[in-house]
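Student: Residue numbers (the working numbering): 11 to 386.
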Ligand code: GDP
Ligand code: MN
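Next comes the structure, spelled out in structure tokens:
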């Protein structure tokens, strides 16, 4: 789960990192009141879960409370890269002397943590890295050791950050670890005219699998943002949207993952992962098929079930129920094997739906599905 800037700074402050005084609101009139409380001048900042707000006009310096109200009115409702601004944050302006970049991220490629830091903060780090790769330090972090004062000092040195940033570098690591984050990023981390080190912007991505123990966020996994994933979650289905065209349904995560591989091996791309689970009922099968068929990218569906606790005739009943309820226009390849396979196949034979093709082996089913998907 990505956090808003104002939530990220809440975490920073809780771990002793200095952030400017700020408040959020969804009303221009309240923005004026807040600006007055902050001393008159205020930075008005769109709260959206995307970067580059400054460039898009979503960050503005207001000289007085009336200006803050006007900027809030302009920014609220704005569209930034497809995100509509519903909230603005008003922050006490900081006199910036230098802008730095620092982030810690879980690096899946190496299976470790990576610290990225640069003395050229403020703009997007990808641009700095592309133009002047030497200006960006990338240092692996030993997860057992973490970011100690010594390793933070080495990081600061490598990136050309002043020694006064070391304390913040250590505290930011504490944020990553204690708050179960996969990413923490501060851009810019600034040195003020007075020499203080202040986090002026923050991005934090939390590990959804740890949210149960992070009571600050309600202890719940957020609803998926993909509409198909959200629909599947409401029906209690284990569904992940993928990029291809063959809708894949199976029972058991291992079998479904193998089915994805076999589909890919036949030159097609899976459109999803959907595990109807062990002991799935006809209703679960019908719900699953409805979700997969609702995906406009799907041109063919492959149902691969090996009946163990799940009886194949229950799966076949679910398919028949879904055929009547959803009225598909795309072909289905069904491979039933294991518990009650003969009865399941007989149910489908009896229904004799023109779009349903039965296959006896997993590989044969994948080959047929790949053929039908690309023919569509
Ligand atoms: P982003 O564009 O979404 O990354 O938003 P930021 O919060 O990073 O703000 C963009 C830029 O606005 C920063 O890099 C700063 O240059 C500037 N900015 C933000 N807050 C202040 C502030 O308090 N004082 C000054 N002088 N500039 C600020
Ligand atoms: Mn920024």
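Quick reminder that beta carbons are idealized off the backbone N, C-alpha and C, glycines included.
Where does the unbroken alpha helix (DSSP H) through residue 159 begin, and where does it stop?
Tutor: Within the chain shown, numbered from 1, the residue matching residue 159 stands at position 149. From DSSP, the alpha helix (DSSP H) with residue 159 extends over 159-169.
Student: In whole angstroms, what is the alpha-carbon distance linking residue 253 and residue 45?
Tutor: What you label residue 253 is simply residue 243 of the chain shown in a count that begins at 1. What you label residue 45 is simply residue 35 of the chain shown in a count that begins at 1. Using only the alpha carbons, I get a separation of about 46 Å.
Student: What residue does the beta strand (DSSP E) around residue 358 start on, and which one ends it?
Tutor: The sequence position of residue 358 within the chain shown is 348, counting from 1. Counting along the chain, residue 358 falls outside any beta strand (DSSP E), though it belongs to the alpha helix (DSSP H) covering 351-361.
Student: Would you kindly work out how many angstroms separate the C-alpha atoms of residue 140 and residue 341, rounded to a whole number?
Tutor: For the purposes of this step, residue 140 is taken as residue 130 along the chain shown, with counting starting at 1. For the purposes of this step, residue 341 is taken as residue 331 along the chain shown, with counting starting at 1. Approximately 46 Å between the Cα atoms of the pair.
Student: Would residue 232 and residue 221 qualify as a contact pair, given that the criterion is a beta-carbon distance under 9 Å?
Tutor: Counting from one through the chain shown, the residue named residue 232 turns up at place 222. Counting from one through the chain shown, the residue named residue 221 turns up at place 211. Yes.
Student: Counting pairs of Cβ atoms below 8 Å between the region 122-141 and the region 78-92, do you hit three or more?
Tutor: Result no; under three Cβ-Cβ pairs closer than 8 Å.
Student: Would you say the beta carbon of residue 34 comes nearer than 8 Å to a heavy atom of ligand 1?
Tutor: Position 24 of the chain shown, counted from the start, is the residue given in the question as residue 34. Every heavy atom of ligand 1 is 8 Å or more from the Cβ of residue 34, so no.
Student: Do you know how far the Cα of residue 347 is from the Cα of residue 314?
Tutor: In the chain shown, counting from the first residue as 1, residue 314 sits at position 304. In the chain shown, counting from the first residue as 1, residue 347 sits at position 337. Rounded to the nearest angstrom, the two C-alpha atoms are 8 Å apart.
Student: Output the distance between the C-alpha atoms of residue 398 and residue 15, rounded to the nearest integer angstrom.
Tutor: With the chain covering 11 to 386 only, the question about residue 398 has no answer from this structure.
Student: Taking three-plus beta-carbon pairs below 8 Å as touching, is the region 49-65 in contact with the region 89-101?
Tutor: A contact exists between the region 49-65 and the region 89-101.
Student: How about residue 312 and residue 357: do their beta carbons lie closer than 9 Å?
Tutor: Here residue 312 is taken as the residue at index 302 of the chain shown, counted from 1. Here residue 357 is taken as the residue at index 347 of the chain shown, counted from 1. No, the pair does not count as a contact, with Cβ atoms beyond the cut-off.
Student: Please write down, chain order preserved, every residue whose beta carbon lies under 5 Å from a heavy atom of ligand 2.
Tutor: Here the list is 197, 211.
Student: For residue 237, which option in 114, 35, 302, 155 has the closest C-alpha, if you only look at C-alpha atoms?
Tutor: Translated into positions along the chain shown, residue 237 becomes position 227. Among 114, 35, 302, 155, the Cα nearest to that of residue 237 is on 302.
Student: For residue 378, count neighbouring C-beta atoms within 10 Å of its own C-beta (all shown protein chains included) and say buried if the count is 16 or more, exposed if not.
Tutor: Here residue 378 is taken as the residue at index 368 of the chain shown, counted from 1. Buried is the call here.
Student: Would you say the region 67-77 touches the region 128-142, given that touching needs at least three Cβ pairs under 8 Å?
Tutor: The answer is no - the region 128-142 does not touch the region 67-77, with fewer than three Cβ pairs under 8 Å.
Student: Quick check: the region 286-301 against the region 328-338, are at least 3 beta-carbon pairs closer than 8 Å?
Tutor: Enough Cβ pairs lie closer than 8 Å, so yes.
Student: Any idea which residues DSSP pairs residue 310 with across the strands?
Tutor: For the purposes of this step, residue 310 is identified with residue 300 of the chain shown, where counting begins at 1. Residue 310 pairs with 256.
Student: Tell me the rounded alpha-carbon separation between residue 365 and residue 95.
Tutor: Walking along the chain shown from the start, residue 365 turns up at place 355. Walking along the chain shown from the start, residue 95 turns up at place 85. Each residue's Cα considered, the two are about 45 Å apart.
Student: Confirm the yes/no value for this check: CB of residue 137, any heavy atom of ligand 1, distance under 8 Å.
Tutor: Counting from one through the chain shown, the residue named residue 137 turns up at place 127. No, since every heavy atom of ligand 1 falls outside the 8 Å radius drawn around the Cβ of residue 137.
Student: Hey, residue 134 and residue 200 are a contact pair by Cβ (cut 8 Å); roughly how many whole angstroms apart?
Tutor: Position 124 of the chain shown, counting from 1, holds the residue named residue 134. Position 190 of the chain shown, counting from 1, holds the residue named residue 200. Going by Cβ atoms, the distance from residue 134 to residue 200 rounds to 16 Å, so no, they are not a contact pair.
Student: Assuming the contact rule is C-beta atoms closer than 8 Å, residue 179 and residue 194 should be a hit. Round their C-beta distance to whole Å, please.
Tutor: Stepping through the chain shown from its first residue, residue 179 is reached at position 169. Stepping through the chain shown from its first residue, residue 194 is reached at position 184. Not really, about 11 Å apart at Cβ, beyond 8 Å.
Student: Expressed to the nearest angstrom, what Euclidean distance is found between the alpha-carbon atoms of residue 246 and residue 300?
Tutor: As a working mapping, residue 246 is identified with position 236 in the chain shown. As a working mapping, residue 300 is identified with position 290 in the chain shown. For residue 246 and residue 300, the distance between alpha carbons rounds to 13 Å.
Student: With a threshold of 16 other CB atoms inside 10 Å of the CB of residue 276, please say whether the residue is buried or exposed.
Tutor: Counted from its first residue, the chain shown places residue 276 at position 266. Buried is the call here.
Student: For the beta strand (DSSP E) containing residue 455, name the first residue and the last one.
Tutor: Outside the shown range of the chain, which is 11 to 386, sits residue 455, and nothing can be said about it.
Student: What three-state label does DSSP hand residue 269 in the structure shown?
Tutor: Taking the chain shown and counting its residues from 1, one reaches residue 269 at position 259. Helix, per DSSP.
Student: Would you kindly check if the distance between the Cβ of residue 66 and the Cβ of residue 34 is under 9 Å?
Tutor: What you label residue 34 is simply residue 24 of the chain shown in a count that begins at 1. What you label residue 66 is simply residue 56 of the chain shown in a count that begins at 1. No, Cβ-Cβ distance for residue 34 and residue 66 is not below 9 Å.
Student: How big is the Cα-Cα spacing for residue 68 and residue 88?
Tutor: By one-based count along the chain shown, residue 68 stands at place 58. By one-based count along the chain shown, residue 88 stands at place 78. About 8 Å.
Student: Assuming residue 363 and residue 343 are in contact, meaning their beta carbons sit under 8 Å apart, how far apart are those beta carbons, in whole angstroms?
Tutor: Here residue 363 corresponds to residue number 353 of the chain shown, with the count starting at 1. Here residue 343 corresponds to residue number 333 of the chain shown, with the count starting at 1. Going by Cβ atoms, the distance from residue 363 to residue 343 rounds to 12 Å, so no, they are not a contact pair.
Student: DSSP three-state label for residue 302, please.
Tutor: Your numbering for residue 302 matches position 292 in the chain shown. Of the three classes helix, strand and coil, the one that applies to residue 302 here is helix, per DSSP.
Student: May I ask you to list the residues that DSSP assigns as paired with residue 29?
Tutor: Residue numbering aside, residue 29 sits at position 19 when the chain shown is read from its first letter. DSSP lists no partner for residue 29.
Student: Determine the direct distance from the alpha carbon of residue 227 to that of residue 326, and round the result to whole angstroms.
Tutor: Here residue 326 refers to the residue found at position 316 of the chain shown. Here residue 227 refers to the residue found at position 217 of the chain shown. Their backbone Cα atoms lie some 42 Å apart in a straight line.
Student: Taking the runs of the beta strand (DSSP E) that are 3 residues or longer, which of them lie wholly in the region 102-186?
Tutor: Counting whole runs of 3 or more residues, the region 102-186 contains the beta strand (DSSP E) stretches 106-117, 122-128, 146-151.
Student: Quick check on this structure: which residue in 13, 11, 22, 17 has the alpha carbon closest to the alpha carbon of residue 208?
Tutor: As a working note, residue 208 is residue 198 in the chain shown. Selected option, being the one with the closest Cα: 22.
Student: State the beta-bridge partners of residue 370 as determined by DSSP.
Tutor: Numbered from 1 along the chain shown, position 360 holds the residue referred to as residue 370. DSSP lists no partner for residue 370.
Student: Which residues does DSSP list as the beta-bridge partners of residue 283?
Tutor: Numbered from its first residue, the chain shown carries residue 283 at position 273. DSSP output for residue 283 lists 250 as bridge partner(s).
Student: Identify every residue that forms a DSSP beta bridge with residue 93.
Tutor: For the purposes of this step, residue 93 is taken as residue 83 along the chain shown, with counting starting at 1. 90, per the DSSP bridge assignment.
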